[in-house]
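Quick note: the sequence shown uses my numbering, first residue -9, plus one each step. Where a beta carbon is used, it is the ideal one built from N, C-alpha and C, also for glycine. Shown next, in structure tokens, is the structure this report addresses.
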Amino acid sequence: MMEFLLYTIINNAFNLIQILILIRVVMSWIPHDPYNQLSQLIYQITDLILKPIRETLPLHGAGVDFSPILAFFFLGVLKKLLLSVI
């Protein structure tokens, strides 16, 4: 029972982070109010994941931000590793 609860919490947390990253990507394509509290919250949460990737990888001249794609990959791998331990 405890394993199932832990599995569900970890799975849902990773899914939520991936959904927030996807929302951020869509927000970058459409005009939005950067001062909106919900927008700021999404940016603050996803920056915890995306900023380290942007700072680590030299993708500045690419013209396209690949950090969300890499974040999805790394989060997926980390999620599978954590869930396989449980």
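The region 49 to 67 in contact with the region 25 to 40 per 3-pair CB rule at 8 Å: yes
D37 - containing alpha helix (DSSP H), residue span: Counting from one through the sequence shown, the residue named residue 37 turns up at place 47. From DSSP, the alpha helix (DSSP H) with D37 extends over 27 to 46.
Nearest residue (CA-CA) to L68, options I0, L(-5), F(-6): The residue given as residue 68 occupies position 78 in the sequence shown. Residue I0 is the option with its Cα nearest to L68.
Rounded straight-line distance, which links the Cα of L71 to that of Y33: Numbered from 1 along the sequence shown, position 43 holds the residue referred to as residue 33. Numbered from 1 along the sequence shown, position 81 holds the residue referred to as residue 71. The alpha-carbon atoms of Y33 and L71 are separated by roughly 26 Å.
Straight-line Cα distance separating M(-9) from Y25: As a position in the sequence shown, residue 25 is number 35, starting the count at 1. As a position in the sequence shown, residue -9 is number 1, starting the count at 1. Computed Cα separation, rounded: 43 Å.
Counted within 10 angstroms of its Cβ, other Cβ atoms place T(-2) as buried (16 or more) or exposed: As a first step, residue -2 must be located in the sequence shown, where it is residue number 8. It is exposed - the Cβ of T(-2) has fewer than 16 other Cβ atoms within 10 Å.
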